[in-house]
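The numbering of the sequence shown is our numbering, which starts it at 60 and goes up by one. Note that the Cβ used here is the ideal one computed from N, Cα and C, for glycine as well. One structure below.
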Amino acid sequence: MSRPLLGVGLGVWAGVLALCLSSGAMAVDLATGDYQLQPRQVAAQTWVIEGAVEDFSRANGCNIINTAFVATDEGVLVINTGPSWRYGQQQRAAIARTVPQSLNQGVKQVVNLNLHPDYFFGNQAYADVPVLALGGSRAGMQAEGKAYEDNLYRLCGDWMKGTESTPARQTLTPGPFVLGGHALEWRRLQGHTADDLLLIDHSTGVLFAGGLVFADRVPTLPHAKLPDWIASLRTVASWIDQGTVHTVVPSHGPVHRGRYGVDQTLDWLQWLHQRLHSSASQGLDLSEVLRLPIPERFSRWAALSAEYARSVTYLYPQYETDQFATQTVQAETGR
């Protein structure tokens, strides 16, 4: 069971969390290249920097990821470094001005929760400290980093100046550890990518869920396997139901308590799987699937049209292939 850290009551943090939920990401300053990062405390010694609940654009500096840090008397643990070198620099400055003088303000370690570019493109700003990720994520960063770099320069423009893909340099092994009084645990799941890293802080009840959980935004699926992702979300839901964690920091969308983001993400993935399976069994082509209506319950989610189109374009060919294979087997069996 989670417990308050250093004797701080949960009621206090409920108020802090309510403030966090009511405060969105700050608007970026295009003229000066200032992301205007505003860390928000969500638990004892724990801050989140929320990105815009949108799609990548120059107007938001391509800052759509939630990054975080846990500050202890042994140093600061940084979780994800954002979409650019500039973000990483400004994130590090925000940490320095936020962490109380009573704690060690030096960054002890940086961890990237998966291989997607906004999780690790700020790593350049942390050349002097260990930067870790799961082995599969490191391999993916190395293999796809240049393509990510080209794409983000195209999408984000001047925000990317000076940015070079800088993969994590060390491999992280999942398991429990203690840092400055925080009882922490790295967990590996999969589905959003082949290597999804999550962090549980047992001392505060906070879960850093990485790309497995989205809130108020349609999930991104460029490396997804839907059955694995659905299974992983059920695992995360069990942690929440059992009281192992209560506050969830998603990859995109507001920090929240309980299963809000897990249930939203599950709803979308299960609906999308059924949509694609049904469409393939009816023999619809890709263009027809793209034109099908989307249920009203998803209408307020960010990036709906763009992510639906991307997801269908990426996933549907495999559903068509699987359907053809099934029909072939049935035809041969019926002879």
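Would the beta-carbon of residue i fall within 8 Å of that of residue j?
i    : j    : result
L238 : L172 : no
V371 : L345 : yes
P235 : L243 : yes
A103 : T263 : yes
Q183 : T225 : yes
V314 : L266 : no
A362 : R276 : yes
L328 : P278 : yes
Y94  : Q149 : yes
D260 : H282 : no
V410 : N119 : Outside the shown range of the chain, which is 60 to 394, sits residue 410, and nothing can be said about it.
L258 : L292 : no
W288 : H311 : no
G195 : A253 : yes
A155 : Q168 : no
L335 : L374 : yes
Whose CA, out of the options, lies closest to the CA of residue i?
i    : options                   : result
A274 : H241, V308, T225 and S291 : V308
G92  : K220, G317, W106 and A206 : K220
T157 : V304, W106, N119 and W288 : W106
N210 : P352, F180, W327 and D255 : F180
Y178 : R197, L266 and D132       : R197
A227 : G270, Q333, H175 and T252 : H175
Q333 : G194, W298, Y378 and G269 : Y378
C121 : A384, L285, L96 and Q100  : L96
T230 : E223, Q100, T222 and G199 : G199
L214 : P286, R117 and R145       : R117
P189 : D255, I138, W144 and A296 : I138
Y185 : Q160, L331, T222 and E203 : T222
A127 : Q386, R246 and R99        : R99
Q382 : Q341, Y319 and L351       : Q341
A296 : F115, A268, K284 and G147 : A268
From which residue to which residue does the beta strand (DSSP E) around residue i run?
i    : result
L191 : V190 to A192
I138 : G134 to I138
Q100 : R99 to A102
G147 : No beta strand (DSSP E) holds G147; the alpha helix (DSSP H) holding it covers W144 to T157.
P235 : G234 to L238
Q115 : Here residue 115 turns out to be Phe, not Gln, going by the sequence shown. Where F115 is concerned, there is no enclosing beta strand (DSSP E), given that its DSSP letter is neither H nor E.
Q301 : Unbroken run through Q301: none, as it is neither H nor E.
K167 : V166 to V170
A127 : T126 to T131
T105 : T105 to I108
In the DSSP assignment, what are the bridge partners of residue i?
i    : result
A198 : According to DSSP, which records beta bridges pairwise, A198 is partnered with nothing at all.
D88  : D93
R359 : Answer is none; R359 lacks a bridge partner.
T252 : None; T252 has no bridge partner.
H282 : Paired residues: none, contrary to the question.
R247 : L256
P313 : In the DSSP output, where bridge partners are listed per residue, P313 has none listed.
R276 : A361
R229 : Per the sequence presented here, residue 229 reads as Gln, with Arg not at that position. For Q229, which the question treats as bridged, DSSP gives the partners L191.
A290 : Per DSSP, none; premise fails for A290.
Hey, residue i and residue j are a contact pair by Cβ (cut 8 Å); roughly how many whole angstroms apart?
i    : j    : result
V348 : S358 : Not really, about 18 Å apart at Cβ, beyond 8 Å.
V166 : G134 : 7 Å
N125 : E113 : Not a contact, Cβ separation roughly 13 Å.
I353 : V321 : That pair is no contact at about 21 Å.
V101 : T324 : Incorrect: roughly 19 Å between the Cβ atoms, too far for contact.
Check for me: the alpha helix (DSSP H) holding residue i runs from which residue to which?
i    : result
L325 : Y319 to S340
V348 : L345 to R350
F179 : P176 to F179
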